[in-house]
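Asks: Just passing along the structure, written as structure tokens.
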Amino acid sequence: MKVVTTVPPRRVWWLAAGFIVWCIALAALYAIHAIGCAFGWSPGALRWTLVLVFIAHLVVIGWMWGRIAKGAPDPGSGKTDSFLHDAIVWTTLTAFASGVLALGPPLLLSVCI
Amino acid sequence: MSGPVDPRPEGARALRLHRELSRIWATGPGWQRLAAVNHSVIGMRMFITSFVFFLIAGVLGMLTRVQLATPESVFLDAETYNQVFTVHGSMMLFLFAIPMVESFAVYLTPKILGTRDFAFPRLTAYGYWCYLFGATIVTASLVLGVAPNSGWFMYTPLSSNVYTPGVNADIWLLGITFVEISALSLAIEIIVSVLKMRAPGMSLDRMPIFGWYILVTALMMIVAFPPLILASILLELERAFGLPFFDPTRGGDALLWQHLFWLFGHPDVYIIFLPMAGVLSTMIPVFAGRELVGFRAIVVAIIALAFLSFGIWVHHMFTVGIPHLALGFFSAGSAIVAVPTAIQIFAWLATLSHGRPRWGVPMLYIFGFFFVFAMGGLTGVMLAMVPFDWQAHDTYFVVAHMHYVVAGALAFPMVAALYYWLPLLTGRAAVERLSVLAFWLIFIGFNMTFFMMHLTGLLGMPRRVYTYRGDEGWNWLNLLSSVGGFVMTIGFGLLLIDVVVQLRYGRRARRDPWRATTFEWAMPMPPAPYAFASIPHVGPQTDGVPNGELAVALARGEGYLGSTRNGWQEAIGVHVTSGKPEQLIVLPNPTYLPLVTALFTCGAVLGFLFKAYWVSMVMALLTFGLFVLAGRRAGLPRDHGPLPVGLGVSVPPHTEAASPPSWLALIGALVANGTLFTSLVFGTFYLWLAGGDWQAMPPPEPSRILAFGAIACLVVAAVAARGSLRVVMAGGEATGWMAICAISLIVAVGMVVDLITGITPHPSAHALGATASVLLGYVGFHAAAGLLFLISNFQRIRNGYISQRRCTDLRLTRLWIDYTLVTGVIALGLVLALPSLVTVLGARP
């Protein structure tokens, strides 16, 4: 007899995980930029700090994406896990793309003007 | 004559069940209507109330158009104009748009998800009364000539005491915050109900797309509203007690208001849009005659949209002097937010192009939406570009864009939805002649009014001017705009007449007139108070069954809960992901408690407004007392164990379930609360960096003994809360642990109050002291609220509502105190760190 398992509710939180890291990245970049400008950090140091923070967050989202994409949905839980798995993979990927597009290019602009 | 008496036994059974359920679920006549808690009643009231405010706000909008139709007009003086346009904007956004989408959610969500009501009907009713009273305060102020006059986003310093010394701004701050309490309570209600009260078998992948939209919107609301609530509290503290958070001469910063406001304001656009998009995603497949294209892509798109909408609040602040690099984040984010929106629009178009579209009045409005929203979206991308925004900022171009995205995205789908669900609401079919004429008048009038504003804006007309000279080249555009406004108003007037005519003369609608697939059509029309006589099971056996057949089967009681028991209002609670039935939820009966509690809340607001702070405090305490009273006999007074719910399934009542709705509700409330706290921490750091003269102030020296003592007391309270839970679960008496917990909280409150009284600089002298006092006040308030939890636990134990198996209350108390401990450590730690932070400021160049 086929055993039907249920997807644990905590899995739903993963739908938001990628974008939560995206939000943290935005908040961190905005805050560090404001502090760097207020305290007169040299443009080079500030820019490289921002780049490092940006890359660190991308690495985290990318790692999450890789881990989630590799894990196959549980066939015992029917279509629900497959649906959630696909949705989580794609929201994480979307968060990654949003990070690259929205947070990367501005780092090339003049720093504190 | 002899012969078979049947074929009526099935009908007789359905009728008997209907009578029994109606007796249990119906709201009483006369004054008992004030005790209504049913979602259909509250949803309908909310819809009508918000529509009334739409009409009032519409009239105010027309007054502004009359004033601006010709140059040098003396129709309104400057002060009246300021009040009229401020209330027009505030009313449209806070008293119409948000409540209107909530009314759709309240009325439709349980029906579409196949359940009988929301998880917390009394909270729904309380939310409605708060909305009505708050909105009435704002409206009354207009009649009395003391309405808010600083614009709908109440920028400081214009709204501060110096420039707005009367009560005008206070009315906005208190009235709108009052309405936001309603929005928050309904959002938590919706989240819990969508996740825990769907029809059994409705796993997340089977949940109708409307459920996804409403769930994401409600989650956005609990995160978006707290920053504005905090901003309103801080500004009211500044206006009432002189705590200078926004006063740059005393260490504050006016821009902090803009940050907090737009942290709410931008997501709010999507909070209004997403439910309407949910409505469109529900209606379009019905009219296209096929399934929605890209269900999974849409779910991903709305989650992305929800987050991205929070990350672009600064695009309302491009001109305030933020460096280019930071503006770049928000400019790029504002551009890419168009992508998930476009995914939805293309999914709708693909659904229509791959189906066999039928024409109908709702479809007219859907096409009106496509046109208007595409226009608004395109100008949105233009405004996302910083150089363009610098040119167009604070001109009528922004007013035009805003009306295209907010008014267009709301009004057209709203009317489409009204015509679509009118047969369900009234049981009567549409008569379409007047409807078509009304649509064209609204569509032409809308575009005539607001398209012209793009041009006046590009010609340099600033928003919010009450008159103009006449030599600027704006005359004919303004006149056309005003004429368009009247055309649109006539259109809405016809719409109103049309609805009344249909209510009065429409013929009886047949069941499921649109041949839809969602459950709201598988019930009596208009819906009975219990919604479904029995609750459907979602699965292969019900897939593809026409709603008409399903409705008959459900009416006969062939689903879950197809009989009555103990006079209980019963619904089924399910597992969050799989939708498996896991608990029997017994809902409360009609009660005046929500109305009375809302009246006392209103008293607290009015007391503050009239500066009768003691009255306000007493009313607030009475409000909290009523919340505790409401919990006195909530739930079931004895253990029941698993109870049969039909279709061979037995589940325990919610009072004995491992994951009852109240657990999820408190998590939702703490997420909202945590967002408010995070906004407060953000505000502290923002003022530290941007506020004037922080480094010139003598660093505050809070007593370390008191601060660490307060933290220690909170730790003891958290340990005691665990102890009381453990003892009750083992079948023992928890009085001792609860006493320790209460004493610890009282001592913690005392220490925090002592810390507040010793703050330097004085909270009214500088933002440094004001910020520290609010951080400490937050801790004290939460510790005191923990005492209310304990009082409630104590009386419920005495009344027999808490037992070994029914110990959710104690779990909730533990969670609250844990939250208080975590935020307390952060807040007290930040207060202790303030001297060092102030010293660090000396290193700035």
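Protein chains in written order, with our numbering: chain Z, 95 to 207; chain V, -8 to 836.
Just so it is clear, CB atoms sit at the ideal spot from N, CA and C, and this is done for glycine as well.
If you're wondering where the values come from, they're calculated on a predicted model, not measured in any experiment.
Nearest to Met729 (chain V) by alpha carbon, out of V:Gly49, V:Arg10, V:Val707, V:Glu511?
Replies: Locating residue 729 (chain V) in the second sequence gives position 738, counting from the first residue. Residue V:Val707 is the option with its Cα nearest to Met729 (chain V).
Asks: Is the CB-CB distance between Thr440 (chain V) and Gly475 (chain V) below 8 Å?
Replies: For this step, residue 440 (chain V) is matched to residue 449 along the second sequence. For this step, residue 475 (chain V) is matched to residue 484 along the second sequence. Taking 8 Å as the Cβ cut-off, Thr440 (chain V) and Gly475 (chain V) qualify as a contacting pair.
Asks: Indicate the three-state DSSP secondary structure (helix, strand or coil) for Ser641 (chain V) in the structure shown.
Replies: Counting from one through the second sequence, the residue named residue 641 (chain V) turns up at place 650. Three-state DSSP puts Ser641 (chain V) in a strand.
Asks: If you measure beta-carbon to beta-carbon, which residues of the stretch 156 to 175 of chain Z are closer than 9 Å to chain V?
Replies: Listed by position along the chain: Ser171, Gly172, Lys173, Thr174, Asp175.
Asks: Are the beta-carbon atoms of Thr370 (chain V) and His384 (chain V) separated by less than 8 Å?
Replies: By one-based count along the second sequence, residue 370 (chain V) stands at place 379. By one-based count along the second sequence, residue 384 (chain V) stands at place 393. Cβ distance not < 8 Å, so Thr370 (chain V) and His384 (chain V) don't count as in contact.
Asks: Of all the options V:Leu449, V:Ala341, V:Val57, which has the alpha carbon lying nearest to the alpha carbon of Trp465 (chain V)?
Replies: Here residue 465 (chain V) corresponds to residue number 474 of the second sequence, with the count starting at 1. Among V:Leu449, V:Ala341, V:Val57, the Cα nearest to that of Trp465 (chain V) belongs to V:Leu449.
Asks: Hey, how far is the Cα of Ala589 (chain V) from the Cα of Thr614 (chain V)?
Replies: Within the second sequence, residue 589 (chain V) is the residue found at index 598, counting from 1. Within the second sequence, residue 614 (chain V) is the residue found at index 623, counting from 1. Their backbone Cα atoms lie some 8 Å apart in a straight line.
Asks: Is it right to say Ile47 (chain V) is buried, meaning 16 or more other beta carbons lie within 10 angstroms of its own, or is it exposed?
Replies: Position 56 of the second sequence holds residue 47 (chain V). Answer is buried; the Cβ neighbour count reaches 16.
Asks: Take every Cβ of the stretch 34 to 44 of chain V, pair it with every Cβ of the stretch 83 to 99 of chain V, and state whether three or more of those distances are shorter than 8 Å.
Replies: Yes: at least three Cβ pairs fall under 8 Å.
Asks: Once you ignore the five residues that flank Thr861 (chain V) on each side, which residues in its own chain have a CB closer than 6 Å to its CB?
Replies: Any property of residue 861 (chain V) remains undetermined from this structure, which presents chain V solely from -8 to 836.
Asks: Could you tell me the distance, in whole angstroms, from the CA atom of Leu206 (chain V) to the CA atom of Gly134 (chain Z)?
Replies: Sequence index remark: in the second sequence, residue 206 (chain V) carries index 215 (1-based). Sequence index remark: in the first sequence, residue 134 (chain Z) carries index 40 (1-based). When rounded, the distance between both Cα atoms is 44 Å.
Asks: If you draw a straight line from the alpha carbon of Pro(-2) (chain V) to that of Val92 (chain V), how long is it in whole angstroms?
Replies: Numbered from 1 along the second sequence, position 7 holds the residue referred to as residue -2 (chain V). Numbered from 1 along the second sequence, position 101 holds the residue referred to as residue 92 (chain V). With a pLDDT of only 44 at Pro(-2) (chain V), under the threshold of 50, the placement of this residue in the model should not be trusted, and no figure is reported.
Asks: With a cut-off of 8 Å, does the C-beta of Ile327 (chain V) fall near any C-beta of chain Z?
Replies: To locate residue 327 (chain V), count along the second sequence from 1; it is residue 336. Yes, because at least one Cβ of chain Z sits closer than 8 Å to the Cβ of Ile327 (chain V).
Asks: Between Thr100 (chain V) and chain Z, is any beta-carbon pair separated by less than 8 Å?
Replies: To locate residue 100 (chain V), count along the second sequence from 1; it is residue 109. Cβ-Cβ to chain Z under 8 Å: no for Thr100 (chain V).
Asks: Mapping DSSP to helix, strand and coil, what is Tyr387 (chain V)?
Replies: Against the second sequence, residue 387 (chain V) aligns to sequence position 396. Looking at Tyr387 (chain V) - three-state DSSP - the assignment turns out to be helix.
Asks: Within this structure, are the beta carbons of Phe278 (chain V) and Ala215 (chain V) separated by less than 8 Å?
Replies: On the second sequence, position 287 is the one that residue 278 (chain V) refers to. On the second sequence, position 224 is the one that residue 215 (chain V) refers to. Not closer than 8 Å, so no.
Asks: Using the rule of at least 16 other Cβ atoms within 10 Å of the residue's Cβ for burial, across every protein chain shown, is Ser204 (chain Z) buried or exposed?
Replies: Sequence index remark: in the first sequence, residue 204 (chain Z) carries index 110 (1-based). Per the 10 Å Cβ criterion, exposed.
Asks: Compare the beta carbon distance of Val829 (chain V) and Pro690 (chain V) with 8 Å and say whether it is the shorter of the two.
Replies: By one-based count along the second sequence, residue 829 (chain V) stands at place 838. By one-based count along the second sequence, residue 690 (chain V) stands at place 699. Cβ atoms of Val829 (chain V) and Pro690 (chain V): closer than 8 Å.
Asks: What three-state label does DSSP hand Gly136 (chain V) in the structure shown?
Replies: On the second sequence, residue 136 (chain V) is found 145 positions in, with the first residue counted as 1. Residue state, collapsed to three classes: coil.
Asks: Which residue comes first and which comes last in the beta strand (DSSP E) that contains Val577 (chain V)?
Replies: Sequence index remark: in the second sequence, residue 577 (chain V) carries index 586 (1-based). It spans 572 to 578 - the beta strand (DSSP E) in which Val577 (chain V) sits, taken as one unbroken run.
Asks: Which value, in whole angstroms, describes the spacing of the CA atoms of Leu428 (chain V) and Gly482 (chain V)?
Replies: Taking the second sequence and counting its residues from 1, one reaches residue 428 (chain V) at position 437. Taking the second sequence and counting its residues from 1, one reaches residue 482 (chain V) at position 491. Cα-Cα distance, rounded: 8 Å.
Asks: Looking at the structure shown, is Val816 (chain V) part of a helix, part of a strand, or coil, going by DSSP?
Replies: By 1-based counting over the second sequence, the position of residue 816 (chain V) is 825. Three-state result, Val816 (chain V): helix.
Asks: Name the two residues that bound the continuous beta strand (DSSP E) containing Glu561 (chain V).
Replies: As a position in the second sequence, residue 561 (chain V) is number 570, starting the count at 1. It spans 560 to 565 - the beta strand (DSSP E) in which Glu561 (chain V) sits, taken as one unbroken run.
Asks: Scan the stretch 132 to 203 of chain Z and note each continuous alpha helix (DSSP H) run of 4 residues or more that stays entirely inside, going in chain order.
Replies: Counting whole runs of 4 or more residues, the stretch 132 to 203 of chain Z contains the alpha helix (DSSP H) stretches 137 to 164, 172 to 192.
Asks: Between which residues of its own chain and Pro579 (chain V) is the CB-CB distance below 8 Å, once the five residues before and five after are set aside?
Replies: The residue labelled residue 579 (chain V) in the question sits at position 588 within the second sequence. Hits under 8 Å: Val28, Pro112, Arg113, Gln560, Ala625.
Asks: With a cut-off of 8 Å, does the C-beta of Ala111 (chain Z) fall near any C-beta of chain V?
Replies: Within the first sequence, numbered from 1, the residue matching residue 111 (chain Z) stands at position 17. By this cut-off, Ala111 (chain Z) is not an interface position.
Asks: Alpha carbon to alpha carbon, what distance is there between Trp163 (chain V) and Pro453 (chain V)?
Replies: In the second sequence, residue 453 (chain V) corresponds to position 462, counting from 1. In the second sequence, residue 163 (chain V) corresponds to position 172, counting from 1. Using only the alpha carbons, I get a separation of about 24 Å.
Asks: Short check: CB of Ile289 (chain V) to CB of Gln335 (chain V), under 8 Å?
Replies: Locating residue 289 (chain V) in the second sequence gives position 298, where the first residue counts as 1. Locating residue 335 (chain V) in the second sequence gives position 344, where the first residue counts as 1. Contact flag set, yes.
Asks: Quick one: does Thr185 (chain Z) have its CB under 8 Å from some CB of chain B?
Replies: Protein chains in the displayed structure are Z and V, and chain B is not among them.
Asks: Against chain V, which members of the stretch 113 to 137 of chain Z pass a CB distance test of less than 9 Å?
Replies: Under the 9 Å Cβ criterion, the stretch 113 to 137 of chain Z contributes Phe113, Ile114, Trp116, Cys117, Leu120, Ala121, Leu123, Tyr124, Ala125, His127, Ala128, Ile129, Cys131, Ala132, Phe133, Gly134.
Asks: Within 10 angstroms of its Cβ, does Met608 (chain V) collect 16 or more other Cβ (buried), or is it exposed?
Replies: One-based indexing of the second sequence puts residue 608 (chain V) at position 617. Answer is exposed; the Cβ neighbour count stays below 16.
Asks: Could you tell me whether the Cβ of Ile294 (chain V) comes closer than 8 Å to any Cβ of chain Z?
Replies: Numbered from its first residue, the second sequence carries residue 294 (chain V) at position 303. Output row for Ile294 (chain V): interface = yes.
Asks: Residues in the same chain with beta-carbon distance under 7 Å from Pro276 (chain V), minus the five sequence neighbours each way, listed in chain order, please.
Replies: Counting from one through the second sequence, the residue named residue 276 (chain V) turns up at place 285. Excluding sequence neighbours, Pro276 (chain V) sits near Glu282, Leu283, Thr342.
Asks: Roughly how many whole angstroms lie between the Cα atoms of Gly142 (chain V) and Ser473 (chain V)?
Replies: In the second sequence, residue 142 (chain V) corresponds to position 151, counting from 1. In the second sequence, residue 473 (chain V) corresponds to position 482, counting from 1. The alpha-carbon atoms of Gly142 (chain V) and Ser473 (chain V) are separated by roughly 20 Å.
Asks: With a threshold of 8 Å between beta-carbons, can Asp196 (chain V) be considered close to chain Z, or not?
Replies: Counting from one through the second sequence, the residue named residue 196 (chain V) turns up at place 205. Yes, contact with chain Z.
Asks: Quick check on the burial criterion: 16 or more other C-beta atoms within 10 angstroms. Buried or exposed for Gln532 (chain V)?
Replies: Numbered from its first residue, the second sequence carries residue 532 (chain V) at position 541. Exposed, because fewer than 16 other Cβ atoms sit within 10 Å of the Cβ of Gln532 (chain V).
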